[in-house]
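Just so you know, the sequences run in chain order A and B. Using the working numbering, the first residue of the first sequence is number 4, and each one after it goes up by one. Using the working numbering, the first residue of the second sequence is number 4, and each one after it goes up by one. Glycine is no exception: its CB is placed at the ideal position from the N, C-alpha and C atoms. This structure is a prediction, so every number in the text was calculated from the model and none was measured. Inspection log for the structure reproduced underneath, given as structure tokens.
Number of protein chains: 2
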Amino acid sequence: MPPHSEPNPSRRGELDRNEVIDTALQLVEAGGGESLTMRKLAAELGVAPNSIYWHVGGRHEVIIALVERLAERQAEATVTGTNGRERVMSAARHVWAAALTHPHVTTLAYEVGATSLLELPLERALAREITAAGLKGDEARDAMRAILISVGGFLVIALRPPDLVPEPWTSATLWAEVDDPLIDPATIDSLTRQLDLPPLFERTVRAVVDSYIPGP
Amino acid sequence: MPPHSEPNPSRRGELDRNEVIDTALQLVEAGGGESLTMRKLAAELGVAPNSIYWHVGGRHEVIIALVERLAERQAEATVTGTNGRERVMSAARHVWAAALTHPHVTTLAYEVGATSLLELPLERALAREITAAGLKGDEARDAMRAILISVGGFLVIALRPPDLVPEPWTSATLWAEVDDPLIDPATIDSLTRQLDLPPLFERTVRAVVDSYIPGP
DNA sequence: CGGTTTCTGTAACAGTGTTCAAGAGCAGTA
DNA sequence: TACTGCTCTTGAACACTGTTACAGAAACCG
């Protein structure tokens, strides 16, 4: 039987595919993408790194499988709201919330380009609401992509590890040194302070939704 | 003189800080962030990897310096438009265009969390237009962040290397397998085709700008 | 000339993903 | 029973990565 076998009735099986993927998922959820090392994962399983390659494949494939697994487990939260815009907004909020619940996996999924795989169930929920709101074809797709891209922009900010920037190059400290007579000083002062993301998310994504989804 | 010296009058200097940073920048612009290896950079300069550590520091510091250099060189394009919304939109377009002109450096700057450092001049231009449009303090900051985050969302999509996703997990092929009676079939079909990003950028960012910047 | 400060190169360490060749253990079969 | 064949595991290695310790040249300075 060639490698990467799915079912594995496990004749002598001391290790099977599911076990590998599950502990890999745990490893990532606990310590982030950098913690997912083939050797670490193998050690966690009490196995030589080779076995992982036999059962599921290289690191890239482990990540894909791991993301796929989490996507399956994603409980599809119920969309609320009494009109089209509200319900689409609710679906968008679910994407946002799900990503924040699993920040490390989401980041990893982005890095390997598997965000669609992770978010597909939630994207489907969004697509249903857009259909229900009366949009069709290209117009519906544009609304969909625009909303998801906007949410993605906020996720980039929200998921960034806070200590990534070494202090002297923080956006805040950078703006503190700006002295431009054409910029309102109160604005600069406001830029040096930390911003509250959720309200900004709410207002901005709502603006995008309202511009694509017809009113009630 | 301790390491990481800035000026370097170069007594015996066969190598100086500027040269290192410049070739590092070239290396990244040519082959992306993965091409920036300490050994490759050293070889390109005809030097041992050690010298780089002496002159500028580790990889992280090389990247910061490289981003800083490109930021200095960023020609500040002139903002056009006859009213506030148009001019803010123009400034936002400049951020978008600059990032697309230097995709690899932008991606690298994002990865080390130095986007603010790279975009600061263009962000200042945006801040000036927001001030000119009459916004002040927190309201101006919110507009600023919302617009930049929206642009960032589009950049995430635009800068992603196209072959990153291994085909069977492309958003397109994933949607092709979706069969949901609650989703308009024409929408699904549209989602399986490639989308034209620039028009979507224009329309979406304009919606955000219009919702934050008062009309003329 | 001797001493000190700069700078450079060699070699190594501790990691990373990945692959090769070899061997165990079980299944079915002659 | 003895055999072949398949499944699975493993130890060892390869080619990389960033980074550092150590030793030695080369220039400046007293």
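{"Query": "Taking V181/B as the query, report the chain A residues whose CB atoms sit under 7 Å from its CB, ordered along the chain.", "Result": "R127"}
{"Query": "Taking 8 Å as the threshold (C-beta atoms), are T110/B and G36/B in contact?", "Result": "yes"}
{"Query": "Can we say the region 94-109 of chain A touches the region 49-65 of chain A, given the rule of at least three CB pairs closer than 8 Å?", "Result": "no"}
{"Query": "What number of angstroms, rounded off, separates the C-alpha of L203/A from the C-alpha of A149/B?", "Result": "7 Å"}
{"Query": "Please classify A68/B: does DSSP put it in a helix, a strand, or coil?", "Result": "helix"}
{"Query": "Say whether chain A places a C-beta atom closer than 8 Å to the C-beta of V211/B.", "Result": "yes"}
{"Query": "Output needed for V70/B: all residues of its chain with C-beta closer than 6 Å, excluding positions within five of it in sequence on either side, in chain order.", "Result": "A112, A117, L120 and L121"}
{"Query": "With a threshold of 16 other CB atoms inside 10 Å of the CB of L138/A, please say whether the residue is buried or exposed.", "Result": "buried"}
{"Query": "What did DSSP end up calling V181/A once you bin it into helix, strand or coil?", "Result": "coil"}
{"Query": "Taking only three categories from DSSP, how would you classify A78/B?", "Result": "coil"}
{"Query": "I need the DSSP call for N86/B, collapsed to helix, strand or coil.", "Result": "coil"}
{"Query": "If you draw a straight line from the C-alpha of V208/A to the C-alpha of P124/A, how long is it?", "Result": "20 Å"}
{"Query": "Which chain B residues are close to S99/A, counting only those with a beta carbon under 7 Å from its beta carbon?", "Result": "First, the amino acid is wrong: residue 99/A is Trp here, not Ser. Under the 7 Å cutoff, chain B gives no residues; its nearest Cβ is about 12 Å from W99/A."}
{"Query": "Give a yes or no on whether the minimum CB-CB distance between V82/B and chain A is below 8 Å.", "Result": "no"}
{"Query": "Apart from the five residues just before and just after H7/B, which ones in its own chain have a Cβ nearer than 7 Å to its Cβ?", "Result": "V59 and G60"}
{"Query": "If we count the other Cβ atoms within 10 Å of its Cβ and call it buried at 16 or more, is A210/A buried or exposed?", "Result": "buried"}
{"Query": "Verify the CB distance criterion: does M92/B have a CB-CB separation below 8 Å to chain A?", "Result": "no"}
{"Query": "Scan the region 138-151 of chain B for residues whose Cβ lies nearer than 8 Å to a Cβ of chain A and list them as they occur along the chain.", "Result": "L138, K139, G140, D141, A143, R144, D145, M147, R148 and A149"}
{"Query": "Compute the beta-carbon to beta-carbon distance between V82/A and A128/A, rounded to the nearest angstrom, for a pair I have assumed lies under 8 Å.", "Result": "6 Å"}
{"Query": "Which of helix, strand or coil does DSSP assign to D145/A?", "Result": "helix"}
{"Query": "Mind reading off the beta-carbon distance from T26/A to D187/B? Whole number of angstroms is fine, and I expect it under 8 Å.", "Result": "Actually they do not touch by this definition, with Cβ atoms about 41 Å apart."}
{"Query": "If you follow the alpha helix (DSSP H) that G137/B is in, where does it begin and where does it stop?", "Result": "Segment: none, G137/B is in no alpha helix (DSSP H) and carries neither H nor E."}
{"Query": "D19/B to T173/A, Cα distance in whole Å?", "Result": "27 Å"}
{"Query": "With a threshold of 6 Å on Cβ separation, who are the neighbours of P164/A within its own chain once the five nearest residues in sequence on each side are excluded?", "Result": "none"}
{"Query": "Going along the chain, which residues of its own chain have a beta-carbon closer than 6 Å to the beta-carbon of R42/B, five neighbours each way excluded?", "Result": "P52"}
{"Query": "Taking only runs that begin and end inside the region 27-70 of chain B, name each unbroken alpha helix (DSSP H) of 4 or more residues, in chain order.", "Result": "41-48 and 52-58"}
{"Query": "For V91/B, name the three-state secondary structure that DSSP assigns.", "Result": "helix"}
{"Query": "Rounded to the nearest angstrom, what separates A189/B and P201/A at their Cα positions?", "Result": "33 Å"}
{"Query": "Under the three-state reduction of DSSP, which class applies to P165/A: helix, strand or coil?", "Result": "coil"}
{"Query": "Under DSSP, the alpha helix (DSSP H) around V115/A begins and ends at which residues?", "Result": "First-last for V115/A: undefined, no H or E at that position."}
{"Query": "Given a threshold of 16 other Cβ atoms within 10 Å of its Cβ, counted over all protein chains shown, does R144/A qualify as buried or as exposed?", "Result": "buried"}
{"Query": "Run through DSSP, which three-state label would E205/B get?", "Result": "helix"}
{"Query": "Does DSSP put I186/A in a helix, in a strand, or in coil?", "Result": "coil"}
{"Query": "In chain order, what residues of the region 100-116 of chain B put their CB closer than 8 Å to some CB of chain A?", "Result": "Y113, V115 and G116"}
{"Query": "What in chain A is Cβ-close to T190/B, meaning under 8 Å?", "Result": "A130, I133, T134, L138, K139, G140, A143, R144 and M147"}
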